[in-house]
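Notes follow once the structure below has been shown.
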Amino acid sequence: MNEFEVIPPRSGVAFELREGQTLTVYDPLGSQVADLLAFAADDVREVISNGRTFDYEETISLTTGNRLWSNRSQVLLEIVEDAVGRHDFLLTPCSEATFRHFYPDKPVHRGCFGNLAEALAPYGVEPDAIPTAFNLFMNVPVEAGSGKLSVLPPTSRAGDWIALLARRDCIIGLTACSAYASNGGTFKPIHYRISNERPFSREVDDRSGEAQTLHHRHD
Ligand SMILES: [Zn+2]
4 MNEFEVIPPR SGVAFELREG QTLTVYDPLG SQVADLLAFA ADDVREVISN
54 GRTFDYEETI SLTTGNRLWS NRSQVLLEIV EDAVGRHDFL LTPCSEATFR
104 HFYPDKPVHR GCFGNLAEAL APYGVEPDAI PTAFNLFMNV PVEAGSGKLS
154 VLPPTSRAGD WIALLARRDC IIGLTACSAY ASNGGTFKPI HYRISNERPF
204 SREVDDRSGE AQTLHHRHD
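Position 47, counted from 1, in the sequence shown is what my numbering calls 50; the numbers after and before it change by one each time, with no gaps.
In structure tokens, the structure reads:
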């Protein structure tokens with residue numbers, strides 16, 4: 004069994020993901036968000052774009068089979084497995100300003116934004132170039148009609164995962180999110196692993212019924 008990497012609570016990492024490799028991100032304890040960014044390795048001015056992705060995928064509810072598109076209208080990642088079926092691509096990474104805005108009585112934290120900025124700096128990514136992240140496991144329902152947003156605890160349970168196939172050589176930024184509401188009030192680690200092929204097909208087959216049930220329960 005391949006070893007996995009650990010992102011401690013309220014921190015973040017950056018690493019290379021080669022075309023054809025699969026990144027699997029696990030929520031080991033459940034109900035924990037991980038913000039994910041992907042930049043083109045050959046030019047980090049090219050980065051995932053929620054607007055392009057919603058446009059081409061024709062949905063804001065991204066899951067298995069959906070692709071993450073760049074600001075230059077190229078596919079960077081494709082979701083190939085998804086045990087949760089509930090992620091967010093609307094809201095920006097939590098930051099010092101987020102904490103001042105929503106949590107004036109709590110200590111300010113640099114949040115996912117600060118963690119991503121530090122981790123991505125060695126790859127030449129400036130803080131101002133950090134866009135809306137694909138927020139794995141983040142549960143942001145949109146009220147029909149009014150369009151009102153809510154941030155609810157993730158529906159992910161211990162051991163749940165999402166797997167993304169690199170369609171280009173990418174630089175990935177990945178966090179264990181630092182904000183209160185998006186993680187159900189507690190801060191937990193995130194695990195990930197990189198494989199050269201699509202992992203765990205047998206496990207996924209065994210759990211596909213469960214994933215379906217999860218998906219339907221929260222629709
Ligand atoms: Zn965050």
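Ideal Cβ positions, reconstructed from N, Cα and C, are used throughout, including at glycine.
- In the DSSP secondary-structure assignment, residue 42 is bridged to 50 and 174.
- Here the alpha carbons of residue 164 and residue 83 stand approximately 11 Å from one another.
- Annotation: the stretch 64 to 122 contains the following complete segments of the beta strand (DSSP E) (minimum length 3 residues), in chain order: 70 to 72 and 78 to 85.
- Excluding residues up to 5 positions away in sequence, 82, 83, 84 and 85 lie with their Cβ nearer than 7 Å to the Cβ of residue 67 in the same chain.
- The criterion of a C-beta distance shorter than 7 Å is not satisfied by residue 127 and residue 40.
- Counting other Cβ atoms within 10 Å of its Cβ, residue 148 stays below 16 and is therefore classed as exposed.
- Taking the Cα of residue 27 as reference, the smallest distance to any Cα among 9, 44, 14 and 13 is reached at 9.
- Within the same chain, and ignoring the five residues on either side of residue 65 in sequence, the residues whose Cβ sits closer than 8 Å to its Cβ are 56, 71, 82, 90, 92 and 137.
- Counting only unbroken stretches of 3 or more residues, the beta strand (DSSP E) elements lying wholly within the stretch 124 to 203 are 137 to 139, 163 to 169, 173 to 178 and 193 to 198, in sequence order.
- Residue nearest to residue 159 within the set 37, 178 and 109 is 37 (criterion: CA-CA distance).
- By the neighbour-count criterion, in which 16 or more other beta carbons inside 10 Å mark a residue as buried, residue 150 falls on the exposed side.
- For residue 8, the uninterrupted beta strand (DSSP E) segment begins and ends at 8 to 10.
- In this structure, residue 17 places its C-beta atom within 7 Å of the C-beta atom of residue 122.
- In the structure shown, residue 56 falls within a helical segment according to DSSP collapsed to helix, strand and coil.
- By the Cβ neighbour-count rule, residue 102 is buried, with 16 or more other Cβ atoms within 10 Å of its own.
- From the listed residues 187, 144, 170 and 181, the smallest Cα separation to residue 19 is found for 170.
- Judged by the Cβ position, residue 187 fails to qualify as a neighbour of ligand 1 at the 6 Å threshold, every heavy atom of the ligand being at least this far.
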